[in-house]
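To keep things clear, I will list the structure first and then write my remarks on it.
Protein chains in written order, with our numbering: chain A, 2 to 465; chain B, 2 to 465.
Structural data, given as structure tokens:
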């Protein structure tokens, strides 16, 4: 690879601050709150995107947040609400003047209202639904009948479609005659007489073609139909894998009932990654910086409890060798090294495996090859670090035998780490458990126990 | 939150297999290779998307891969090449018949050719560039002058633009008269007389508006201009934060020179996440399942070496207490528990902090509040597990004092874990080091050393 030694930071401008609210703007806004200068506040917030205002609200403290919302009052719009973290959103909704809330909700797209309702207490639902116009309320309520995290919750019901036998001219005349086209649309979906989607035509192709061209001749080669009950993570995968821009959603009979666009799929992909990364670290998946102390404590406790059980199991192994440790304290000094190296190597293998499972790169077709590779990698790194640790053992404690023992234990534990780090996520996935969630605990249990057992067991045999 | 206890798996159809190549299809393809039935192979691969053929090539073994490429021969197209992992891509390029390679490259979009060249040895560049038509070669070579991982490498140079004073009718007439519109475009970019982009108009708005409407009245509210040298990660952030579909790219003078579309931004977002998750686990960031054993070993070794240093440091701490351990072996049995709990709690805090830094949710405006929260969470979880471990110490070893010691060490280490897990990534980011890459080593060093020091130190003071 020609460029593998170059780092991105050196070459492109990282410019970490590019899209960050600058400190001076925040200070000016807080000052406007202090002096209760509404005009100034509105002027300062006016140029900001709703997503940035939402970030600002998340980052200031609860006291300032309350003051800002009350002072900003009627200017507060629905888009800010959609962009907020759910914890802060609940807080904001409880502070907002009911009239302002009703106006804000009325401005929102129906899929954003659905998203809003999902995170709210049932008691707050009625206030939100009551604020909607009848037709919007029906759309929102229909959407809520689809399973959570399904394509049905993600889709918009406004679609632009045309019969498959139409020509470009017919499509253009139809589009021009429509009063209520969606805000954002990029394709016309072709449907057969039974309302089954059969192809997508981009607006660009329609504009660039002669009026008599049949739409059917202009369809995109990338065309994927999404079942309404499909899990949103799979939807995001399909968009990413097949480079889709929008895709029709169909009901069980295959009839067109909505459409998903890539920006929604991108948001889901982002959430899925966030969930994976947090699950791998044993953090409750719904956590955010806005969570309160007790909520955060509650989210993190279960994983720490699992870890405690793991650690106690490892201690039970150590306890079997109390006599050996008492007669050679060097064992106590060195034993955490073997366990720790195994834990790290296991985490490496497991992270690669979990990612590969998520991206469908690790399948039945290559699982044995990957497993063999991980074991070989463990063996080679094990041999390298066995040599290093053997020397450390020899030089530090002046015992050749101690060196042999720690070296052998290192090789054993790193091979086991490769095996467990790959095998455990694969098995968990097969039995229907999310490997990101549970693999870590299992793998470190294995590497801790094998690490202590191999080192102390060999030591008891060889040295005593 | 109305639904926090429900799991997505229960509600939407996960259908893990939805977009996975099924085993039977793979078997049929491998059988076609065995009997060298080219017609059958072409027929089996024909319905597959290029991305799926690329996945197949990645998952089968090198022997089958070679046979497939040679048998598929002329049908092999450029899109498959763009979708392949870089390791496998190099292998495939070396196997492909030069004529087939030239044809494949000629079919590719210029940004995909750039992507291809980035990963190839210099010696292979000429063959690829030579295959291109002159105009494409110039575009590719210009793109390569922009920094790696910059917006300039990501953009396509084909843009559809219009003077800002045009009306809808003028734009439509212009589009209809163009022979060579890009394959995919969704907006017309408005430019001022100095070629500075001033707004985006969607094709949908153009189609739905009267001919005399000025384009300026139809511009999108979301409009973000990307500097050509901006780091691609920041570009992806902007698309995700502001829900952009496409954005104009400008040179240093602010002149329009290209355009980036959301599908490319989505791919970058995916890669950035992958990089973060692998860096957090201490795996070389460019690793993939297709890497060979030695390459993988080399990628993982540095992090294991860092961990070895960390572990030896922790052992040096333990060695200071050899006398204490010799007189009370229970200390050796229990000490890994305190270190392990601290390591886990630290990893939780650090993962949340690294993610929040990446999404710009953790800033100067809230860092002290977040730090205070993490310390409090550490304190509460510390107290809970102190109670549990105090009881374990008491019941297992029958010593109330041992219980006190382990309880106190637990509280200290979990508070330190919260502090280090948040503080270290923040400091690393400030001094310009990627927190995802380096935080883990620092945090576990801290929690290991503090864990052993607090437990053994207190024990030496209280128990002996």
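Backbone N, C-alpha and C define an ideal beta-carbon position, used for all residues, glycine too.
Item: What's the gap between the Cα of residue 433(A) and the Cα of residue 60(B)?; Value: 22 Å
Item: Are the CB atoms of residue 417(A) and residue 451(A) nearer to each other than 7 Å?; Value: yes
Item: Using a cut-off of 8 Å between C-beta atoms, extract the partners of residue 279(B) located in chain A.; Value: 352, 353 and 356
Item: Is the beta carbon of residue 216(B) closer than 7 Å to that of residue 209(A)?; Value: no
Item: Assign residue 36(B) to buried or exposed, taking buried as 16 or more other Cβ atoms, counted over all protein chains shown, within 10 Å of its Cβ.; Value: exposed
Item: Going by DSSP, what residue range makes up the alpha helix (DSSP H) through residue 216(A)?; Value: From DSSP, residue 216(A) is part of no alpha helix (DSSP H); its letter is neither H nor E.
Item: Under 7 Å between C-beta atoms, does residue 162(B) make it to chain A?; Value: no
Item: So with CB distances below 8 Å, who are the chain B contacts of residue 267(A)?; Value: 240, 241, 263, 266, 267 and 270
Item: So, do the stretch 171-190 of chain A and the stretch 199-208 of chain B have three or more beta carbon pairs nearer to each other than 8 Å?; Value: yes
Item: When you check each C-beta in the stretch 407-424 of chain B against every C-beta of chain A, which residues fall closer than 8 Å?; Value: none
Item: Taking the CB atoms as reference points, tell me whether residue 339(B) and residue 414(B) lie closer together than 7 Å.; Value: yes
Item: Name, please, each residue of chain B whose Cβ falls closer than 8 Å to the Cβ of residue 340(A).; Value: 337
Item: Strictly below 9 Å CB to CB, what residues from chain A border residue 382(B)?; Value: 298, 301, 302 and 305
Item: CA-CA distance, residue 373(B) and residue 421(A)?; Value: 37 Å
Item: Between residue 326(A) and chain B, is any beta-carbon pair separated by less than 7 Å?; Value: yes
Item: Can you look up residue 229(B) in the DSSP assignment and give me helix, strand or coil?; Value: coil
Item: When the distance is taken between beta carbons, is residue 263(A) closer than 7 Å to residue 250(A)?; Value: no
Item: What does residue 166(A) touch in chain B if you count any residue whose Cβ is under 9 Å from its own?; Value: Going along chain B, no residue has its Cβ under 9 Å from residue 166(A), so there is no contact; the nearest lies around 20 Å.
Item: Please identify the residue among 91(B), 133(B) and 122(B) whose C-alpha is closest to the C-alpha of residue 1(B).; Value: Limits of chain B in this structure are 2 at one end and 465 at the other, which puts residue 1(B) out of reach.
Item: Would a C-beta distance cut-off of 7 Å place residue 236(A) and residue 266(A) closer than the cut-off?; Value: yes
Item: Which partner residues of residue 1(B) appear in the DSSP bridge assignment?; Value: Any answer about residue 1(B) is impossible in this case: the structure gives chain B only from 2 up to 465.
Item: Is the Cβ-Cβ distance between residue 151(B) and residue 230(B) less than 7 Å?; Value: yes
Item: In the stretch 380-455 of chain A, which residue ranges form an unbroken alpha helix (DSSP H) of at least 4 residues, counting only runs that do not cross its ends?; Value: 401-431
Item: Taking 7 Å as the limit between beta carbons, can you name the residues of its chain near residue 3(A), skipping five residues before and five after?; Value: Residue confidence is low: residue 3(A) scores 39 on pLDDT, short of 50, so the model does not pin down where it sits. Its coordinate-derived value is still stated next. Excluding sequence neighbours, residue 3(A) sits near nothing in its chain.
Item: Determine, using beta carbons only, whether residue 316(B) comes closer than 7 Å to chain A.; Value: yes
Item: Between which two residues does the alpha helix (DSSP H) carrying residue 1(A) extend?; Value: Outside the modelled stretch of chain A, which goes from 2 to 465, sits residue 1(A), for which no answer is possible.
Item: Check whether the stretch 312-323 of chain B touches the stretch 317-337 of chain A, counting contact only when three or more Cβ pairs, one atom from each stretch, lie closer than 8 Å.; Value: yes
Item: If the cut-off is 8 Å on Cβ atoms, which residues from the stretch 391-408 of chain A count as contacting chain B, listed in chain order?; Value: 393
Item: Which of helix, strand or coil does DSSP assign to residue 234(B)?; Value: helix
Item: Could you spell out where the alpha helix (DSSP H) holding residue 156(B) opens and where it closes?; Value: Unbroken run through residue 156(B): none, as it is neither H nor E.
Item: How would you label residue 7(B), buried or exposed, when you count the other beta carbons within 10 angstroms and need 16 or more for buried?; Value: With a pLDDT of 37 at residue 7(B), under the threshold of 50, the modelled position of that residue is not reliable, and the figure given next carries that caveat. When all chains shown are included, residue 7(B) counts as exposed.
Item: Which same chain residues end up closer than 7 Å to residue 426(B) when comparing Cβ atoms and leaving out the 5 residues on each side of it in sequence?; Value: 351, 354, 355, 358, 436 and 440
Item: Pull up the distance between the alpha-carbon of residue 308(A) and that of residue 228(A), whole angstroms please.; Value: 40 Å
Item: Could you pull the DSSP bridge partners for residue 1(A) from this structure?; Value: The shown model of chain A, from 2 to 465, leaves out residue 1(A), and the question about it has no answer.
Item: Given a threshold of 16 other Cβ atoms within 10 Å of its Cβ, counted over all protein chains shown, does residue 419(A) qualify as buried or as exposed?; Value: buried
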